[in-house]
Amino acid sequence: MDDRLSKVFAALGDPIRRDIVARLATEDATVGELAAPYDVSMQAVSKHLKVLQEAGLVTRSRDAQRRPVHLEAEVFDLMTKWIERYRREAEQRYRRLDAVLAAMQDDETAEARPEEGTAS
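So that you can map any letter, position 34 of the sequence shown is 34 in full-length UniProt numbering, and since no number is skipped, the others follow by simple counting.
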């Protein structure tokens, strides 16, 4: 699983690939359609797609003469589970830290109050 996640995160490390994934989230597209907004060659976009495909983020199919690229959404479930696990752990650490800080503040407040029966 970690190896697959490494490939996914590495693939998403490039801004063009992240943009391609974002665009494919709305609809499938051909290599030409995906290449249109970039100032790079079709070959460069094909290489980006190959990286995304090897990471399992996209697949290519044949639709008559058209070869659309399709986003594989289940990979995002894998990423979400991994991220969620560490988010929960971080949240638990923050809750423990909040409890320690609250206890310290309560101790400081108690020390700052004059003792009962003592004239000031």
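Built from N, CA and C at the ideal position, the CB exists for glycine as well.
Proximity of residue i and residue j at Cβ, strictly below 8 Å
{"i": "V45", "j": "A29", "result": "no"}
{"i": "A55", "j": "A11", "result": "yes"}
{"i": "R4", "j": "L52", "result": "no"}
{"i": "V31", "j": "L49", "result": "yes"}
{"i": "E72", "j": "T59", "result": "yes"}
{"i": "V8", "j": "V69", "result": "no"}
Any non-hydrogen atom of the ligand FMN closer than 7 Å to residue i Cβ
{"i": "P68", "result": "Judged by which ligands are present, the structure shown has none, so any question about the ligand FMN falls away."}
Collapsed DSSP secondary structure at residue i in the structure displayed
{"i": "R113", "result": "coil"}
Environment of residue i [buried if 16+ CB atoms lie within 10 Å]
{"i": "L101", "result": "exposed"}
{"i": "I20", "result": "buried"}
{"i": "V40", "result": "exposed"}
Mind pulling the alpha helix (DSSP H) runs of 4 or more residues that sit fully within the UniProt domain "HTH arsR-type" (1 to 91)? 2 to 11, 15 to 24, 31 to 35, 42 to 54
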